[in-house]
(Lines of atoms letter the chains of each structure in order from A and count residues from 1; the text may use other names and numbers.)
(Lines give C-alpha, C1' and ligand atoms only; values in the text may rest on other atoms or scores of the structure.)
Protein backbone atom coordinates (compact mmCIF):
# COMPACT_ATOMS: atom_id res chain seq x y z
CA UNK A 1 0.00 0.00 0.00
CA UNK A 2 1.47 3.30 -1.12
CA UNK A 3 1.48 6.18 1.33
CA UNK A 4 2.76 9.72 0.95
CA UNK A 5 2.69 11.77 4.13
CA UNK A 6 3.37 15.50 3.95
CA UNK A 7 4.43 17.61 6.90
CA UNK A 8 5.91 21.02 7.63
CA UNK A 9 3.09 23.33 6.64
CA UNK A 10 1.83 26.15 8.80
CA UNK A 11 1.39 29.88 9.19
CA UNK A 12 4.32 32.12 8.34
CA UNK A 13 4.78 35.84 7.82
CA UNK A 14 5.67 37.25 4.41
CA UNK A 15 9.38 36.88 3.80
CA UNK A 16 9.59 33.84 6.03
CA UNK A 17 10.59 30.26 5.30
CA UNK A 18 9.14 26.80 5.62
CA UNK A 19 10.39 23.35 4.71
CA UNK A 20 7.89 20.76 3.59
CA UNK A 21 8.63 17.05 3.79
CA UNK A 22 6.95 14.13 2.08
CA UNK A 23 7.74 10.66 3.36
CA UNK A 24 6.93 7.80 1.00
CA UNK A 25 6.29 4.15 1.72
CA UNK A 26 5.12 1.22 -0.34
CA UNK A 27 7.05 2.22 -3.48
CA UNK A 28 10.61 1.88 -4.72
CA UNK A 29 11.27 5.52 -4.00
CA UNK A 30 14.57 5.89 -5.84
CA UNK A 31 12.83 5.08 -9.14
CA UNK A 32 10.00 7.57 -8.65
CA UNK A 33 9.77 11.06 -10.06
CA UNK A 34 8.52 13.33 -7.29
CA UNK A 35 6.65 16.59 -7.41
CA UNK A 36 5.13 19.26 -5.23
CA UNK A 37 1.83 20.78 -6.32
CA UNK A 38 -0.34 23.41 -4.74
CA UNK A 39 -3.95 24.42 -4.89
CA UNK A 40 -5.25 27.75 -3.69
CA UNK A 41 -8.97 28.34 -3.02
CA UNK A 42 -10.86 28.72 -6.28
CA UNK A 43 -7.84 27.83 -8.39
CA UNK A 44 -6.63 24.77 -10.21
CA UNK A 45 -3.91 22.61 -8.79
CA UNK A 46 -0.54 23.58 -10.24
CA UNK A 47 2.89 22.02 -10.34
CA UNK A 48 5.32 23.95 -8.16
CA UNK A 49 8.49 21.88 -8.42
CA UNK A 50 9.55 18.45 -9.58
CA UNK A 51 12.59 16.23 -9.33
CA UNK A 52 13.36 13.17 -11.42
CA UNK A 53 14.85 9.93 -10.17
CA UNK A 54 18.18 11.26 -11.51
CA UNK A 55 17.87 14.48 -9.53
CA UNK A 56 16.94 16.82 -12.37
CA UNK A 57 14.72 19.61 -11.12
CA UNK A 58 12.28 22.06 -12.61
CA UNK A 59 10.16 24.85 -11.13
CA UNK A 60 7.20 26.98 -11.99
CA UNK A 61 8.41 30.45 -12.89
CA UNK A 62 6.80 32.13 -9.90
CA UNK A 63 8.94 30.21 -7.37
CA UNK A 64 12.29 30.12 -9.16
CA UNK A 65 15.05 31.42 -6.93
CA UNK A 66 12.88 31.06 -3.81
CA UNK A 67 11.97 27.37 -3.60
CA UNK A 68 14.26 24.34 -3.74
CA UNK A 69 13.16 20.74 -4.20
CA UNK A 70 15.44 17.93 -3.06
CA UNK A 71 15.25 14.25 -2.27
CA UNK A 72 16.90 11.82 0.11
CA UNK A 73 16.57 8.32 -1.30
CA UNK A 74 17.95 6.78 1.89
CA UNK A 75 15.02 8.28 3.81
CA UNK A 76 12.40 7.88 1.05
CA UNK A 77 11.68 11.57 1.46
CA UNK A 78 11.33 14.58 -0.79
CA UNK A 79 11.61 18.13 0.52
CA UNK A 80 10.51 21.57 -0.56
CA UNK A 81 12.48 24.42 0.97
CA UNK A 82 10.46 27.60 0.61
CA UNK A 83 12.12 30.95 1.24
CA UNK A 84 10.96 34.54 0.79
CA UNK A 85 7.38 33.42 1.05
CA UNK A 86 4.65 35.65 -0.32
CA UNK A 87 0.92 35.80 0.43
CA UNK A 88 0.27 34.38 -3.04
CA UNK A 89 2.09 31.21 -2.01
CA UNK A 90 -0.81 30.42 0.31
CA UNK A 91 -2.30 27.07 -0.70
CA UNK A 92 -2.61 23.44 0.17
CA UNK A 93 0.61 21.75 -0.93
CA UNK A 94 0.49 18.18 -2.20
CA UNK A 95 3.22 15.67 -2.83
CA UNK A 96 3.00 13.39 -5.86
CA UNK A 97 4.98 10.31 -6.76
CA UNK A 98 5.06 9.16 -10.36
CA UNK A 99 6.09 5.57 -10.90
CA UNK A 100 4.76 4.66 -14.29
CA UNK A 101 2.08 3.85 -15.02
CA UNK A 102 0.79 5.10 -11.66
CA UNK A 103 0.57 8.42 -9.85
CA UNK A 104 0.22 8.62 -6.08
CA UNK A 105 -0.82 11.64 -4.03
CA UNK A 106 -0.45 12.69 -0.43
CA UNK A 107 -3.22 14.23 1.62
CA UNK A 108 -1.81 17.76 1.48
CA UNK A 109 -0.49 20.26 3.99
CA UNK A 110 -1.71 23.83 4.41
CA UNK A 111 0.69 26.72 3.93
CA UNK A 112 -0.58 30.16 4.90
CA UNK A 113 1.52 33.28 4.36
CA UNK A 114 0.03 36.20 6.21
CA UNK A 115 0.97 39.00 8.58
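In the working numbering, the protein residues as written are -2 to 112.
Heads up, the beta-carbon is just placed ideally off N, CA and C, and yes, glycines get one too.
Member of the options whose CA lies at the smallest distance from the CA of residue i
i, options, result
"residue 50", "39, 90, 69, 105", "69"
"residue 5", "106, -2, 111", "106"
"residue 104", "18, 86, 64", "18"
Per DSSP, the bridge partner or partners of residue i
i, result
"residue 55", "47"
"residue 96", "99"
Whole-angstrom distance between residue j and residue i, CA atom to CA atom
i, j, result
"residue 7", "residue 95", "26 Å"
"residue 53", "residue 72", "18 Å"
"residue 80", "residue 22", "27 Å"
"residue 98", "residue 29", "11 Å"
"residue 38", "residue 13", "21 Å"
Whole-angstrom C-beta distance between residue j and residue i, which should lie under 8 Å
i, j, result
"residue 1", "residue 33", "Rounded, the Cβ-Cβ distance is 11 Å, inconsistent with contact."
"residue 11", "residue 108", "Actually they do not touch by this definition, with Cβ atoms about 12 Å apart."
Evaluate the contact criterion for the region 38 to 49 versus the region 60 to 71: three or more CB pairs, one atom per stretch, below 8 Å.
yes
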